[in-house]
Structure formats: structure tokens, C-alpha cells
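Colleague:
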Amino acid sequence: MDAYAERRTNRFRPSGLQYTMDYRVSYEHSLKSEPEAFIAQVSSQLVGGVPGNIPRALLPEYITELILRRSPTIGRIRHLRVL
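So the sequence shown is numbered by the working numbering: it starts at 28 and just counts up by one.
Below, the structure written as C-alpha cells:
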């Protein structure tokens with residue numbers, strides 16, 4: 028089984044009903060070298076691999092941490108919106 032097929036089959040596991048969601052978000056971010064200077068505005072980005080059991084109230088915090096983990100040059104994120 029190739030890597031793509033393995034990811035596709037792991038999206039839904041009948042044993043534990045583990046599934047992931049994809050969310051489209053917008054935000055502004057700064058670089059790690061200058062955390063107070065917000066230089067980029069991301070109008071739309073698809074964030075995948077978010078567990079489906081995350082409560083809606085905790086979703087922005089989880090997505091922020093996910094983006095920061097995946098992009099090590101980003102310093103801070105503000106004005107995150109789930110579209």
C-alpha cells in the first residue's frame with residue numbers, strides 16, 4: 028500500500044471512529060525573528076488533519092498550534108477565522 032492509500036484509509040477507522048476534518052481559515056502572521064511586525068495576510072488556507080472530535084470552541088486554538096507546528100518560521104498568528 029502506498030503512502031497516499033494509507034492516509035486515505037486512516038481517515039476513517041471503524042474501530043475507534045477516528046476521522047479528520049479539513050478547514051479553510053484566514054489569518055495574519057509575523058515572522059519568528061520579528062513577532063510584533065505582522066507582515067503577511069493569508070486570505071485562505073486549507074488546514075487538513077484536524078481530528079473530528081475537537082469541540083468547536085477549541086478549534087481556533089488547535090488550528091493555530093497546528094499551523095505553528097507545520098511552519099517553524101511563523102512567530103505569531105492573529106485574527107484567525109474559520110471560513
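Just so you know, even glycine gets a beta-carbon here, dropped at the ideal spot from N, CA and C.
For Arg105, which residues from the same chain have a beta carbon less than 6 angstroms from its beta carbon, with the 5 sequence-adjacent residues on both sides left out?
Modeller: Reading the sequence shown from its first residue, position 78 is the one you call residue 105. Around Arg105: Glu55.
Colleague: Between Gly79 and the rest of its own chain, which residues show a CB-CB distance below 7 angstroms, the 5 nearest in sequence each way excluded?
Modeller: If you number the sequence shown from 1, residue 79 lands on position 52. Only Tyr46, Thr47 and Met48 meet the Cβ criterion.
Colleague: Could you tell me whether the Cβ atoms of Ile94 and Ser57 are closer together than 9 angstroms?
Modeller: As a working mapping, residue 94 is identified with position 67 in the sequence shown. As a working mapping, residue 57 is identified with position 30 in the sequence shown. Not closer than 9 angstroms, so no.
Colleague: Go through its chain and collect everything with a Cβ distance to Ile90's Cβ below 8 angstroms, but skip five positions before and after it.
Modeller: Position 63 of the sequence shown, counted from the first residue, corresponds to residue 90. Tyr50, Val52, Val74, Val77, Leu107 and Val109.
Colleague: Looking only at its own chain, which residues have a Cβ that is under 6 angstroms from the Cβ of Met28, when we skip the five neighbours before and after it?
Modeller: Taking the sequence shown and counting its residues from 1, the one referred to as residue 28 is at position 1. Because the pLDDT at Met28 is just 48, under 50, the model does not fix this residue reliably, and the value given afterwards should be weighed accordingly. For Met28, where only same-chain residues beyond five positions count, there are no Cβ hits under 6 angstroms.
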